[in-house]
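The block underneath contains the structure these notes are about, expressed in structure tokens.
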Amino acid sequence: MESPPFSFTKAAVSELLRLTKTLNIADSQGVRVGVKGGGCSGASLIIGFDEINENDQLFDLSPFRIIIQKGQSMYVAGMLIDFEEGLGFSFNSEPL
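For the sequence shown, counting from 1, position 28 maps to 857 in the working numbering; every step adds exactly one.
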């Protein structure tokens, strides 16, 4: 498996590890990153644990499998996913 088209800060990886243990996430699940919705306020970027579907691309970020629905990579490419206590996860454009 190749690396995802975006990156995670150490804080984001630490929080994902904590959540995996705290929520007792099944081995069959991965970390889904993608786009949800649309409408008046536009699309929202999402992150969460989910099952892998046949319409998904898988990426390796050991110890996690990163899941992106096919066709959504362009929306998250180049993003830096961070976590800050009290604020949660955030998606930031990485400097070029």
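Even glycine gets a Cβ: it sits at the ideal position worked out from N, Cα and C.
Computed from a predicted model, the values in this text were never measured in an experiment.
Quiz item: So, is residue 847 buried or exposed, given that buried needs 16 or more other C-beta atoms within 10 angstroms?
Solution: The count along the sequence shown starts at 1 and reaches residue 847 at position 18. In summary, residue 847 is exposed, with fewer than 16 beta-carbon neighbours lying within 10 Å of its beta-carbon over all protein chains present.
Quiz item: Within 10 angstroms of its Cβ, does residue 908 collect 16 or more other Cβ (buried), or is it exposed?
Solution: Numbered from 1 along the sequence shown, position 79 holds the residue referred to as residue 908. Per the 10 Å Cβ criterion, buried.
Quiz item: What residues match up with residue 835 in a beta bridge as DSSP calls it?
Solution: Position 6 of the sequence shown, counted from the first residue, corresponds to residue 835. Bridge partners of residue 835: none, in fact.
Quiz item: Anyone know if the C-beta pair for residue 879 and residue 899 falls short of 9 Å?
Solution: Numbered from its first residue, the sequence shown carries residue 879 at position 50. Numbered from its first residue, the sequence shown carries residue 899 at position 70. Contact flag unset, no.
Quiz prompt | residue 903 in three-state terms, based on DSSP | solution = Locating residue 903 in the sequence shown gives position 74, where the first residue counts as 1. DSSP, read as helix, strand or coil, puts residue 903 in helix.
Quiz prompt | Start-end ranges of the beta strand (DSSP E) lying completely within the stretch 857 to 885, minimum 3 residues | solution = 858 to 866, 872 to 880
Quiz item: Which residue from 905, 860, 841 puts its Cα closest to that of residue 915?
Solution: Here the question's residue 915 lines up with position 86 in the sequence shown. Nearest C-alpha to residue 915: 841.
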